[in-house]
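**Student:** Under full-length UniProt numbering, the first residue of the sequence shown carries the number 1, and numbering increases by one thereafter.
Sending over a structure as structure tokens; questions will come in a sec.
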Amino acid sequence: MMRDGQFSRTVACEAIEAGLAAAGRPLAIAEAARTGAMARPQIDTSKNTISTPDREVSILLAIDAPRIVVLGNVLSDEECDILVAYSESKMAPSRVVGGTEGDNVLHDARTSSGSFIARGEIEVAARLEARLAAIAQWPVERGEGLQILRYTKGAEYKPHFDWFDRAQPGQARLFDRGGQRVGTFVLYLNDVESGGGTNFPKLGLEVSPKKGGAVFFSNVTADGVPDPFTLHGGMPVLSGVKFVANKWLREGLFV
């Protein structure tokens, strides 16, 4: 399994994780997530795979701090194609959270097009949401719907954070719909000819898009504090087109 290079720390952490799992840790985590006692989602990386109710997902890379997990075989080719086909005709220029009221506004930093699929809107989305909930051990009800994005040649999303900042005008009200964004899944819906990786500039890490794969990262620390090391961006597509789905997990029920 690929790791972040800190072998001694990683091996020790995984040994502890394995021991906790053997003692019933997954059930304890599920209960903590349900009751709101846990600050962020938890992906169990003590094994090389994660068993969900309908799919075996591969762990390709895991970093402890910030918590980043690269996953393979999250979606089938058919599921990817359905999500793209369902969304493509509804796409509009992507927006970012901005302004004094927290509205979604156009910005030069983001040059993709996108559309949204509400939670449970179509069967494939509902199936994927349940799978991601199992992977992250985080209830479906504490997640936003899917955002489907299309990046054509040259399109990008410059480095940014997914967590909300209460100090920023307009962002405080975003907490009202479910609290902080504590976790993010970026799901790759096609193979990209060149470019289009997910880059973490403070870590020197770039994840290449692979159809059916995903990268997960916790937007907050284990204590629930926004993590500055989760700065990330979508690198420019050099050739071809890139389709991704974003799934944001909230600390509370998303309404």
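Even for Gly, the Cβ is constructed at its ideal location relative to N, Cα and C.
Counting Cβ pairs closer than 8 Å, one from the segment 166-184 and one from the segment 211-224, do we hit at least three?
**Tutor:** yes
**Student:** Alpha carbon to alpha carbon, how far is residue 239 from residue 249? Give it in angstroms, no decimals.
**Tutor:** 31 Å
**Student:** To the nearest angstrom, report how far apart residue 237 and residue 158 are at their CA atoms.
**Tutor:** 12 Å
**Student:** Which residues does DSSP pair with residue 56 in a beta bridge?
**Tutor:** 51
**Student:** Residue 253 and residue 131 - do their beta-carbons sit closer together than 8 Å?
**Tutor:** no
**Student:** Do residue 116 and residue 190 have their beta-carbon atoms positioned less than 8 Å apart in this structure?
**Tutor:** no
**Student:** In the structure shown, what three-state DSSP assignment does residue 25 receive?
**Tutor:** Below a pLDDT of 50, predicted positions are generally treated as unreliable, and residue 25, at 41, falls in that range; no measurement from the model is reported.
**Student:** Starting from the N-terminal side, write out each stretch of the beta strand (DSSP E) that is 3 residues or longer and does not extend beyond the segment 104-153.
**Tutor:** Entirely contained in the segment 104-153, the beta strand (DSSP E) runs reaching 3 residues are, in chain order, 113-117 and 143-151.
**Student:** Tell me which same chain residues have a C-beta within less than 6 Å of the C-beta of residue 241, skipping the five on either side of it?
**Tutor:** 152
**Student:** Comparing alpha-carbon positions, which option in 168, 83 and 118 lies nearest residue 124?
**Tutor:** 83
**Student:** Between which two residues does the alpha helix (DSSP H) harbouring residue 85 extend?
**Tutor:** 77-88
**Student:** Report the three-state DSSP secondary structure of residue 102 (helix, strand or coil).
**Tutor:** Because the pLDDT of residue 102 is 49, which lies under 50, any placement of that residue in the model is unreliable, and the question is left without a value.
**Student:** Output the boundary residues of the beta strand (DSSP E) element that contains residue 190.
**Tutor:** Careful: residue 190 lies outside any beta strand (DSSP E) and carries neither H nor E.
**Student:** In this structure, does DSSP put residue 174 in helix, strand or coil?
**Tutor:** helix
**Student:** Check for me: the beta strand (DSSP E) holding residue 72 runs from which residue to which?
**Tutor:** Where residue 72 is concerned, the enclosing beta strand (DSSP E) stretches over 68-72.
**Student:** Between which two residues does the beta strand (DSSP E) harbouring residue 166 extend?
**Tutor:** Taken as a continuous stretch (DSSP letters only), residue 166 belongs to no beta strand (DSSP E), as it is neither H nor E.
**Student:** Classify residue 201 as helix, strand or coil using the three-state DSSP reduction.
**Tutor:** coil
**Student:** Can you check DSSP and say which residues form a bridge with residue 237?
**Tutor:** 195
**Student:** Just the Cα atoms here: how many angstroms apart are residue 42 and residue 73?
**Tutor:** 19 Å
**Student:** Count the other C-beta atoms from every protein chain shown that fall within 10 angstroms of the C-beta of residue 79, then say buried if there are 16 or more, exposed otherwise.
**Tutor:** buried
**Student:** Taking just the CA atoms, how far does residue 66 sit from residue 90?
**Tutor:** 34 Å
**Student:** Within 10 angstroms of its Cβ, does residue 251 collect 16 or more other Cβ (buried), or is it exposed?
**Tutor:** Buried, by the Cβ-count rule.
**Student:** Compute the Euclidean distance between the alpha carbons of residue 174 and residue 163, then round it to the nearest angstrom.
**Tutor:** 10 Å
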